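Asker: Residue 124 in the UniProt record's numbering is what sits at position 124 of the sequence shown, and the numbering runs on without skipping anything.
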Amino acid sequence: MGSDSQCGIPAIELSINSVGFERGIDDWHHLSKSVREASENYGCFEVVYDKIPLKLRAETFSVIKEELFSLPLEAKQKNINPKPYHGYSGQYARIPLYESFGLKDSSNYDSLKSFTELICVGESLLS
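1. Please state if the CB of Y88 and the CB of F69 are separated by a distance shorter than 7 Å.
2. Could you give the distance in angstroms between the alpha-carbon of R36 and the alpha-carbon of Y85?
3. How long is the line joining the alpha carbons of T116 and N81, rounded to whole angstroms?
4. What's the call for A38, buried or exposed, on a 16-neighbour Cβ count within 10 Å?
5. List the residues that DSSP assigns as beta-bridge partners of F101.
6. Closer than 7 Å by C-beta to S5: which residues in its own chain qualify, once you throw out the five before and the five after it? Chain order, please.
7. Here's a check: name, in chain order, each residue in its chain whose Cβ is nearer than 7 Å to the Cβ of I9, leaving out the five neighbours to either side.
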């Protein structure tokens, strides 16, 4: 169920079969243990799901890179959250290439739309 990606971040493989795991069965325990260990040891993990075409994945990351991270610093800094690392993080002297955005409720369309309107001055990247 788990493997290591090229950059050293754990990759946890999901399949169509793992989506319907029932809590308590052996496969569910193995998958949840992999998620917990990756979260505790690395703070993140890559989800590998064979039903997402590679072309779609590449296009998604390309748009994120070109549209989101190329925004002016002032726009990115509008993403504020009182919790550390839950808003915009970046511009660190020791790690100059690091930037991240924390989004509350990122699986909710309205939340994403509000975020894009905030940083894009009334426009939305989701239009």
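We treat Cβ as the ideally placed atom computed from N, Cα and C, and that holds for glycine. Here the structure is a predicted model, which means the values were calculated and not measured.
Answerer: With the structure as the only source:
1. No, Cβ-Cβ distance for F69 and Y88 is not below 7 Å.
2. Whole-angstrom Cα-Cα distance: 20 Å.
3. Roughly 15 Å separates the two Cα atoms.
4. Label assigned to A38: buried.
5. For F101, which the question treats as bridged, DSSP gives the partners Y88.
6. Any reading at S5 is ruled out, since the residue's pLDDT is 44, under 50, leaving its predicted position unreliable.
7. The answer, listed in chain order, is Y42, C44, F45, E46.
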